[in-house]
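This report refers to the structure that appears directly beneath it.
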Amino acid sequence: MEIISKLSANSNQKKNRTTYGTLALAMFLIVVVSGILLAVPFDVKDPYLSITGFVVSNPWASLIRNLHFWSAQFFLILSLIHLYDHYHYKENTGLKKGISWRLSLGVLIIFLAMLTGFLLKGDADSLQARQILDTLAQRIPLVGNMLAYTLLGDPDSYQLIYVHHIATFTVLITVVMLEHSRRFWPTMGDFLISLSAVLLLSFLFSAPLHDNLNPTVKGPWYFVGFQEILHWLSHPEWSLLIFLVVLILIYEVNAGSGRAVFLCKKSLLIFAGIYFLLTVTGLFFRGEGWKWMNPWDTGYRYSVLHNFKSPRVSFSPGFNLKDAAASPVVMGRKESCLVCHKEPHGFADAHKPEAIGCFSCHGGDPFATSKKQSHRSLILIPGDLAQADQTCGTTQCHPDIVQRLPTGLMATLSGMISVDRYVFNEQNNPDELTNIHDLGNSAADIHLKNLCVRCHLGNPKTTYGPVNEMSRGGGCLACHLNYTEEAEWDLKRNPDTLLNFHPSVSLKITDDHCFGCHSRSGRISTSYQGLHETTLEAGQMPDSSNYRLIEESRVFKKEPEDVHHKLGLECVDCHHSYEVMGDGNLYAHEEDQEDVQCADCHFNTNPMTVTTNNLDNESAKIAALRFGNIENRNFLTTHKYGHVLINAYVENDSVIFLTKNTGRKMLMKPPAPVCTRDKAHDGMTCSACHSAWAPTCIGCHNTYDPNSPGYDMLKNKDVKGSWIEYIGSYSPQEPALGIRTNGTGREIIPVIPGMVLTIDRASFPGSTGDSIIFHRLFAPIAPHTTAAKGRDCKSCHNNPVALGYGRGKLDYSVAKGQGKWTFEPYYQNDIHDRLPADAWTGFLTNRTGRVSTRSNVSPFDIRTQQKILTVGACLTCHDEGSAVMLQSLTDYQKVLNGRSVKCILPDW
Amino acid sequence: MKFNFTRLNFYFYRDSTLRLLLLICCKFITFIVNFKQMEKAGRRSFLRLVMAGIIALFVLLWNRLIADHQELRKQKTQIIPFNKNKAVSFDGNYIVVNHDEQTTVFSAHCTHLGCLINKKEGDRLICPCHGSEYNLDGKVIKGPAWKGLVIIPFKITSDGNHIEIIG
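So the sequences go chain by chain: A and B. FYI, the working numbering numbers position 89 of the first sequence as 139, with every residue one higher than the one before it. FYI, the working numbering numbers position 3 of the second sequence as 413, with every residue one higher than the one before it.
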């Protein structure tokens, strides 16, 4: 105060002394003048559009807007300090009654003037504030409805609010001010100081404007404390009494005398203190939906700090006025992004910038006009699961999908983690539900972090470019990102110029998207295309079209491709979105989340269908987008979970199948008679017979080397020390078979080694338990190598691999009237359990305990092995197409009873 | 018969205004009768009374102005799009919920302070202002609101793709 009064020329004359009141007077003048100027570009018929329009294109108007905002805020603050200034003297203010209550009312009117200014922004904050004001006013007894309507007017119009802001309240404030002020006009000094200070602020910090996408809405800063109070009361209208009480207190201090004045002053001070704390709370610790947020919480920046976005005004924004005028109106407002980034191409229709702009995916500041300010907190590559709720999953876009995606196995990796922990003996069953975010530092968890978990959807994509065989993760983009040739070329061209071609986020999900992760582990992507991974090194790869190099280091050899791949089906043609993106339920293993089965399309019973009108909303939209007119269709639904297959439908008596990306039409075939002719093979799954081959591997050894350079796939950084895996050999062979027991009974499924390994546990620092862990576990697999023709009889009944014994010589010999099966394994016995290296179970032995990566999968027990081998014995003499064998399918016991004396069956 | 709260408010107020006017008339008559005894102070209080009466009259005028204007501006029917396969859809002032084979239209105004509810998380409707949550039957799950969402009577149009909201 002292400094300011010394600056004033006639510091001794009372009339010219600078006080908070006189500064407030100066501020008010600036408010009024800037307001008049602001009325020129402002359009009350569409406030938000007009404001965003001139903020983006007219820096001078933007400056005036900021000037109007800052001068108004300082007018309020200075007025309140002016009150305090006069109150903190011991003497009574001693004003007459009339002027006292007018002054008291004046405080209320200042807040109303500012509040109406806030409402005139027309953005999401203002719209909700208007609702609250309307509701509060209406709840005032007797005159509430009149008052609310007179203040706010028609819900669709800002006309009345505008009138009150520029006329009613301005005039009333002026009257109240002049009635009690020492001066009509501020001194030159006051005016110049105020104007310079506020001008500087206006240049540096823009007035707030909500982007209409962020879900957090807050009122003006001076009412944020009041909103805290509103939140506590279930009858919030009682809070208006607080206003009344404050006004009465001010009146009493103005007009009263004696002890009452002292009490009122103290009450006001205490109230001010509490209100200040509440304001700080509301501004800095409340996020979306009134949730409490600490500054160190994730999402704090998005939910809380977005309210404070205030870019500097840029007078040379790097674009011209014409471009700004020509940029499209997106969702009811202008965005500055599209003024520089003119007409980018390459989007899917729904994601065109005219429809959703740039800000809704990429963040940044849509109202800043300089490059640096606009790009602040930009999300370069959106779709990352950690931010998906801000980008793809905002309320107006894909909230349901983003909410269910993290429940799916591709995001949680629950099965992968549980099985690994089971194998490392850290868990006694492989079925615990867990999550990638719960990985710790145990031997199994470090093993996963070193070698496996890069393949989770939450792994962020950090470099530009298309999704290819090297890609792992990327959130939504992992499947939905597509680069055209032009977009790829544009990317490589020149990193410093504005790109014209933008990749698209679309429904075109090709096998290449799945390939990166699914060419690992069960090798489903590669098997589907007819590629088998060898143990050759890149340099050893023969120069032949039968080989393919993947990821520059893995050599794949050609094997028979899946028949569906040959026909042109891609992964998404079978696997629908509720399987792949999760359906909201947490599953322990992949086959539980999996919904589609062979019988859903290949059936000869009555189909399960759903009509177009009864499709769920999401499926209906996607089907219409992919196929156009889908009216009056009977779509197939899955048996397991009842989801619709949008690309398969029944028409007249045929089942039509469409490929999703190319729309090719095909007729579905029912299963061949050989599949359904008998009961003998009832328990077989389709893939048990129809899988041509599956990648089987043996001889895996894991050890931990604390000095080897390693990688933490969760944090994506290099670490010291890593688990190292040594492999034996891979071979593509007809898979072994096993039994899965589920609620409905038993079924016979293909299985492959997964894992038969040793783990050098002692090499891991701090580990307890056995120093070497050995496991012989086989895993269920859907090999994705479907052949049109199934396996022949002998390939199961006389094949040691199919029975789980491993490769070798399985012979049936008859000597001295007795039949005997013998088995000579090809591989040596493993030292740990005396079974051949590639076996699952011993020859004619029962194997129980830890036999599989699933608690419900087991090898054939002795009795089943004997039954299979009995048929195998017949097959050594009888051809599989012979009358005897065909009859044995329908009534084996009859055939056995009626056999000739030449038939010697094994004597179990 | 349904009462419009505005009308109710108005009749109540008019009643008390009439009473006030009646009182003023009585007082006036008393003064006229005691004309000779009227003193200076009495004149002031008389003027004050007349002033009060005129203000009351003015408030009456104001009330009627608003009431008539609101009646004129009231929209007769509103049409919003309808999709029976979409569980929840937000449409300005209304939320259309298809749940348990039933369609219900709720007012989107939170019963706490009237903010427009525009977000669904799982099967909860969430208000952005103070975090009140409602289930798909419109009942409050989490405060500060304590009243359920207002249910709006509606009609589905003959083509089945639109909802008509009357009044």
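Idealized CB from N, CA, C, for every residue including glycine.
Beta-carbon gap between residue i and residue j smaller than 9 angstroms
i: A/VAL363; j: A/LEU531; result: no
i: A/SER984; j: A/VAL81; result: Beyond the ends of chain A as shown, which are 51 and 958, falls residue 984 of chain A; an answer cannot be given.
i: A/CYS725; j: A/CYS846; result: no
i: A/LEU549; j: A/HIS391; result: yes
i: A/GLN446; j: B/LEU526; result: no
i: A/ASN737; j: A/CYS621; result: What sits at residue 737 of chain A in the sequence shown is Ser, not Asn. Contact flag unset, no.
i: A/SER556; j: A/HIS395; result: no
i: B/LEU523; j: A/PRO286; result: yes
i: A/HIS308; j: A/ASN195; result: The question names His, but residue 308 of chain A is Gly in the sequence shown. Cβ atoms of A/GLY308 and A/ASN195: not closer than 9 angstroms.
i: A/THR655; j: A/ASN682; result: no
i: B/ILE561; j: B/PHE516; result: yes
i: A/ASP561; j: A/SER575; result: yes
i: A/VAL745; j: A/TYR691; result: For clarity, residue 745 of chain A is Pro in the given sequence; the question names Val instead. In this structure, A/TYR691 does not lie closer than 9 angstroms to A/PRO745 by Cβ.
Member of the options whose CA lies at the smallest distance from the CA of residue i
i: A/SER377; options: A/SER737, A/LEU939, A/LEU99, A/ASN667; result: A/LEU99
i: A/VAL213; options: A/LYS710, A/VAL864, A/GLY167; result: A/GLY167
i: B/ASN508; options: A/ASN664, A/ALA494, A/LEU283; result: A/ASN664
i: A/GLY975; options: A/THR662, A/SER107, A/THR218, A/LEU297; result: With chain A running from 51 to 958 in the structure shown, residue 975 of chain A is simply not present.
i: A/CYS314; options: A/TYR301, A/TYR325, A/GLY323; result: A/TYR301
i: A/THR836; options: A/THR914, A/PRO205, A/TRP743; result: A/TRP743
i: A/PHE873; options: A/LEU853, A/ALA865, A/LYS866; result: A/LEU853
i: A/ILE101; options: A/ARG471, A/ASN475, A/LYS372, A/PRO258; result: A/PRO258
i: A/GLY899; options: A/SER779, A/ALA670, A/ASN479, A/ILE672; result: A/ASN479
i: A/ASP495; options: A/GLY172, A/PHE417, A/SER468, A/THR940; result: A/SER468
i: A/TYR352; options: A/SER594, A/GLY413, A/VAL311, A/THR808; result: A/GLY413
i: B/THR513; options: B/SER568, B/HIS522, B/ALA497, B/LEU523; result: B/ALA497
i: A/GLY793; options: A/MET381, A/LYS719, A/ASN906, A/ASP755; result: A/ASN906
i: A/THR185; options: A/ASP96, A/LEU177, A/ASP175, A/ALA198; result: A/ALA198
Simplified DSSP state of residue i, which is helix, strand or coil
i: A/ARG796; result: strand
i: A/GLU287; result: helix
i: A/GLY566; result: helix
i: A/LYS866; result: coil
i: A/THR348; result: coil
i: A/HIS693; result: coil
i: A/ILE748; result: strand
i: A/TYR139; result: coil
i: B/LEU535; result: strand
i: B/LYS412; result: Unreliable positioning characterises B/LYS412 in this predicted model, as indicated by a pLDDT of 43, which lies under 50. A coordinate reading is not provided.
i: B/PHE564; result: strand
i: A/GLY275; result: helix
i: B/TRP556; result: coil
i: A/MET343; result: coil
i: A/SER779; result: strand
Buried/exposed call for residue i, threshold 16 Cβ in 10 Å
i: A/TRP539; result: exposed
i: B/ARG474; result: exposed
i: A/CYS411; result: buried
i: A/ARG949; result: exposed
i: A/MET77; result: buried
i: A/ASN947; result: exposed
i: B/LYS530; result: buried
i: B/PRO458; result: Sequence check: residue 458 of chain B is Arg here, not Pro. When all chains shown are included, B/ARG458 counts as exposed.
i: A/PRO361; result: buried
i: A/ALA838; result: exposed
i: A/ARG152; result: buried
i: A/GLY931; result: exposed
i: A/HIS338; result: The displayed chain sequence assigns Glu, not His, to residue 338 of chain A. Classification of A/GLU338: buried, given that the 10 Å Cβ count is 16 or more.
i: A/PHE565; result: buried
i: A/TYR628; result: buried
Residue i: CB within 8 angstroms of a non-hydrogen atom of the ligand NAP
i: A/TRP342; result: No copy of the ligand NAP occurs in the structure displayed, which carries no ligand at all.
- request: Scan the stretch 411-467 of chain A and note each continuous beta strand (DSSP E) run of 3 residues or more that stays entirely inside, going in chain order.
  value: none
field: Contiguous beta strand (DSSP E) assignments of at least 3 residues, all confined to the stretch 886-939 of chain A
entry: none
task: Can you check the stretch 500-533 of chain B for any beta strand (DSSP E) of at least 3 residues that lies completely inside it and give the ranges in chain order?
output: 504-509, 512-517, 529-531
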